[in-house]
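**Student:** Take this structure first; my questions come after.
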């Protein structure tokens, strides 16, 4: 199920881009183009209070929004590294993006991407469409505030509407945050990917960092990174072929191509 906020109701939201602490999962929200462009920056996330948004009669009825309910998981660790100062991290991010073979006519889907990763994709790639799917309304609001042309959808990857499909490149930037079996994920992706589409599963700092993240953020990191045999078997059941796989302590990437 998907819920939508109109521009009038979103304009009443205070800024979400100052304090990324204290989150919980929200219902699905769909944000594209102007739906988040009117987000106002007026106060910090920690000062949210129950609020009623007043609108003119021509705008219709806007539901009461209780901002005390806007509490999400803490995703800040995904942006703990600075791509501008950590050269190794930057090289790994660029390697992940290059694996997608993005073209000017590509439709890209980024699942659970960090803000830094989205920034890098926008800076280095020319594409037809970029959709970011994330559990965090906070993260999506910050992305939308920077890039009005980027489409954002809050919810689970396997429920992404097919109105943006078919996708030519899918970056599963942080697969361990998805609480679904690999079979479910690839089953859903096979329905929305074009022939020859590339799926890129990655972790820019590999399993060693993932284990630390899992220990510190157990409510976010709910799964691991698949090994090659497991991934190959599941992917082949849904018409995906593995074309690259690297599993090092400090870097992980798996690239699959949709052959159907």
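Numbering (the UniProt record's numbering), first residue to last: 1 to 260.
From the three backbone atoms N, C-alpha and C, an ideal C-beta is built for every residue, glycine too.
#1: Taking the straight line between their C-alpha atoms, what separation do you get for residue 36 and residue 151?
#2: Which runs of the beta strand (DSSP E) at least 3 residues long sit entirely within the stretch 139-196? Give them in chain order.
#3: Is the stretch 144-159 touching the stretch 179-186 in the sense that three or more CB pairs, one from each, lie closer than 8 Å?
#4: Quick one: Cα of residue 92 to Cα of residue 82, how far?
#5: Where does the unbroken beta strand (DSSP E) through residue 122 begin, and where does it stop?
#6: Which residues mark the beginning and the end of the alpha helix (DSSP H) in which residue 257 is found?
#7: Within 10 angstroms of the Cβ of residue 112, are there 16 or more other Cβ atoms? Answer buried if so, exposed if not.
#8: Cutting at 6 Å between CB atoms, please list the residues of its own chain near residue 114, excluding the five before and the five after it.
#9: For the stretch 186-206 against the stretch 248-255, are there 3 or more C-beta pairs whose distance is under 8 Å?
#10: Which one or two residues does DSSP pair with residue 241 in a beta bridge?
#11: Please report the residue range of the alpha helix (DSSP H) in which residue 214 lies.
#12: What residue range does the alpha helix (DSSP H) around residue 111 cover?
#13: State the Cα-Cα distance for the pair residue 217 and residue 176, rounded to the nearest angstrom.
**Tutor:** Working from what's here:
#1: With a pLDDT of 42 at residue 36, under the threshold of 50, the predicted position of this residue should be treated as unreliable, and no value is reported.
#2: 151-154 and 167-172
#3: yes
#4: 12 Å
#5: Premise fails: residue 122 lies in the alpha helix (DSSP H), 115-124, not in any beta strand (DSSP E).
#6: It is not in any alpha helix (DSSP H) - residue 257 instead sits in the beta strand (DSSP E) that spans 251-258.
#7: buried
#8: 78 and 79
#9: yes
#10: 257
#11: 206-216
#12: Not the alpha helix (DSSP H): residue 111 falls in the beta strand (DSSP E), residues 107-111.
#13: 11 Å
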